[in-house]
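Student:
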Amino acid sequence: MAPLRLAILEADTPFPAVDAIYHGYHGVFKHLFTRAVSPTPLDSLLTLSQHDIVNDLTAYPALDAVDAILITGSKHNAFDDDPWITALVEYTRKALSTDRVRVIGVCFGHQIVGRAMGALVARADRGWEVSVTEIRTTEKGRELFGKDTLKIQQMHRDQVFSLPAGAELLAETDICPNQGFIIPGRVITIQGHPEFTEFIMDELLRARHSTGLFSDDVFQSGMDRNGDHHDGLVVARAFIKFLQQENEPKEAAHKI
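Okay, so the sequence shown: first residue is 1 according to full-length UniProt numbering, each after it adds one.
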């Protein structure tokens with residue numbers, strides 16, 4: 001079987017110290033997937049391409065040239081109407097409408113997918129979720145991840161406030177009831193950051209604390225938990241399983 005063609009749609013640029021190591025979020029996700037499938041060579045399963053969709057509105061790959069897209073996290077608001085954000089929402093809708101190109105959304109990407117599918121995306125009044133956080137899986141989440149709870153890096157205060165039509169919820173927390181959703185064969189999202197390492201989270205926490213965006217309490221709580229084990233590789237393997245899974249017959253899929 002030929003490797004699946006996964007386009008990484010970069011909705012932001014990492015902080016300089018992180019970018020120097022990974023050369024964009026494409027590199028961050030390559031690092032995640034490489035570890036998730038080891039010792040199998042990643043390029044035998046996935047071919048990753050890099051697309052800076054913030055600074056180049058022509059960077060989108062042709063949908064007939066990819067098998068799937070992954071929308072990364074971002075410091076930007078998924079509910080804003082900047083030209084590049086509305087272009088991303090429209091491109092996501094087109095990808096979903098193909099019934100062939102699969103869509104993965106991570107954090108901001110999760111929110112963009114929710115918006116593209118008609119769900120409400122907005123700033124939550126419950127504050128930030130940051131650093132390694134335990135989330136509770138639903139029955140569908142347990143089927144996919146094989147665990148009753150997951151620990152995952154978080155960096156958000158915006159949320160998807162409803163479940164798109166036909167989607168199944170994967171996980172929840174008290175602060176954020178929608179931690180991800182799936183429509184098999186079409187879309188999977190996660191509010192957290194399976195791709196974040198301890199170093200990446202450390203850079204984010206320190207930068208946002210230094211600007212006053214994070215209070216001392218939020219910063220210290222995040223730093224205290226940042227070294228904890230998290231299940232980023234579990235989520236990455238679920239993403240790959242989602243990409244590799246054959247579609248159900250249309251009659252069965254229609255019942256979702």
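The beta carbon of each residue, even a glycine, is placed where N, CA and C say it ideally should be.
Small disclaimer: the values here were computed from a predicted structure and weren't measured.
1. Per DSSP, D158 forms a beta bridge with which residues?
2. Going by DSSP, what residues sit across from Q50 in a beta bridge?
3. Determine the direct distance from the alpha carbon of I53 to that of H229, and round the result to whole angstroms.
4. Do I71 and V101 have their C-beta atoms closer together than 9 Å?
5. Can you tell me which of the three DSSP states A252 falls into?
6. Given this structure, state the Cα-to-Cα distance separating F161 from M117, to the nearest angstrom.
7. With a threshold of 16 other CB atoms inside 10 Å of the CB of E10, please say whether the residue is buried or exposed.
8. Quick one: what's got a C-beta closer than 7 Å to Y60's C-beta in the same chain, skipping five residues either side?
9. On the DSSP letters alone, give me the boundaries of the alpha helix (DSSP H) that S210 sits inside.
10. Quick one: grab the DSSP three-state call for K241.
11. Who pairs with I71 in a beta bridge, going by DSSP?
12. Taking T173 as the reference, which of A87, G166, K151, R237 has the closest Cα?
13. What would DSSP say about K94, mapped onto helix, strand or coil?
14. Tell whether a beta-carbon distance below 9 Å holds between R237 and A36.
15. Which residues does DSSP list as the beta-bridge partners of V130?
16. T149 to L170, Cα distance in whole Å?
17. Measuring alpha carbon to alpha carbon, tell me which residue in N226, R206, M1, H31 is nearest T133.
18. Assign I21 to one of three DSSP states: helix, strand, or coil.
19. For the ligand SAM, I want to know if A78 counts as a neighbour, meaning its beta carbon is within less than 8 Å of at least one of the ligand's heavy atoms.
20. Given L57, which residues of its chain have a CB within under 8 Å of its CB, disregarding the five upstream and five downstream residues?
21. From F15 to N55, what does the alpha carbon distance come to, in whole angstroms?
22. Does the beta-carbon distance from Q153 to M201 come in below 9 Å?
23. Provide the residue span of the alpha helix (DSSP H) that contains F79, from first to last.
24. Run through DSSP, which three-state label would R100 get?
25. Leaving out the 5 sequence neighbours to the left and right, which residues in its chain are closer than 7 Å to residue 263 when beta-carbon positions are compared?
26. Can you list, in chain order, the residues of its chain with a C-beta nearer than 7 Å to that of L63? Leave out the 5 residues immediately preceding and following it.
27. If you draw a straight line from the C-alpha of Q111 to the C-alpha of T40, how long is it?
Tutor: Well, looking at it:
1. R123
2. Note: Q50 sits in a beta bridge opposite I8.
3. 32 Å
4. no
5. A caution first: A252 carries a pLDDT of 40, below 50, which makes its placement in the model unreliable, though a value can still be read off. When DSSP states are grouped into helix, strand and coil, A252 belongs to the helix group.
6. C-alpha separation (whole angstroms): 12 Å.
7. By the neighbour-count definition (other C-beta atoms within 10 Å, threshold 16), E10 is a buried residue.
8. The answer, listed in chain order, is H51, I53, Y91.
9. 198-210
10. helix
11. L9, G105
12. K151
13. helix
14. yes
15. M155
16. Using only the alpha carbons, I get a separation of about 11 Å.
17. N226
18. It is helical.
19. This structure simply doesn't include the ligand SAM, nor any ligand for that matter.
20. Counting only residues of its own chain and dropping the five nearest sequence neighbours on each side, L57 has a CB closer than 8 Å to the CB of P83, W84, A87.
21. 16 Å
22. Q153 places its beta carbon less than 9 Å from that of M201.
23. Note, F79: premise wrong, no alpha helix (DSSP H); not H, not E.
24. Three-state result, R100: coil.
25. Given that the chain is displayed from residue 1 to residue 256, the structure contains no residue 263 and the question cannot be resolved.
26. The residues are K94, A95, T98, V101.
27. 31 Å
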